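**Q** In mature numbering (1 follows the signal peptide of the UniProt record, and there is no 0), the protein residues as written are -17 to -1, 1 to 129.
All residues carry an ideal CB built from backbone N, CA and C; glycine is no exception.
Values in this document were obtained by computation on a predicted structure and should not be read as measured data.
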């Protein structure tokens, strides 16, 4: 077998292996959805919107003594300055993944790294569910952008 044939065979084997992973997002019951739970493909438990709302205002949640709403504003819609992002309406998975990265040291920010350090997976899921379900007419994605 030549090097070219070996490379093609290896590529084909990797492609088949990648396509057969079978990872599917966890499915939640209608009862979970009715109770204000959301699911996340980031491997976190279902987020509880009402608990997330409480956590967003909890100054004891982080070592800095600041709550999420202190910087991001009520419902994540009124940041204290132009450098602080709006969280309202953002994708749940993006919010959860960002918080996990801050917590785990994979993403750096002087304040957010401290804020997220003490969060457990359930708290991250709850905060992501809450902020992700807040209305925000100004949040846009790149769909239909030319």
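Could you tell me the alpha carbon to alpha carbon distance between residue 29 and residue 108, rounded to whole angstroms?
**A** 6 Å
**Q** Looking at residue 50 and residue 59, is the spacing between their C-beta atoms short of 8 Å?
**A** Not a contact, by the Cβ cut-off of 8 Å.
**Q** At which residues does the alpha helix (DSSP H) containing residue 81 begin and terminate?
**A** 75 to 87
**Q** What first and last residue would you give for the alpha helix (DSSP H) that runs through residue 110?
**A** 104 to 115
**Q** Between the alpha carbons of residue 92 and residue 75, how many angstroms are there, rounded?
**A** Distance between the alpha carbons of residue 92 and residue 75: 20 Å.
**Q** Run the CB neighbour count on residue 111, radius 10 Å, all protein chains shown included, and call it buried at 16 or more, exposed below.
**A** When all chains shown are included, residue 111 counts as buried.
**Q** Look at the alpha carbon of residue 87 and the alpha carbon of residue 99, and state the distance between them as a whole number of angstroms.
**A** 8 Å
**Q** Let's see if you can read the secondary structure: which residues bound the alpha helix (DSSP H) around residue 96?
**A** 95 to 100
**Q** Buried or exposed: where does residue 22 fall if 16 or more other Cβ atoms within 10 Å of its Cβ makes it buried?
**A** Residue confidence is low: residue 22 scores 48 on pLDDT, short of 50, so the model does not pin down where it sits. No coordinate-derived value is stated.
**Q** List the whole-angstrom C-beta distance separating residue 115 from residue 83, where the pair is believed to meet the contact cut-off of C-beta under 8 Å.
**A** Actually they are not in contact, since the Cβ atoms of residue 115 and residue 83 sit about 14 Å apart, beyond 8 Å.
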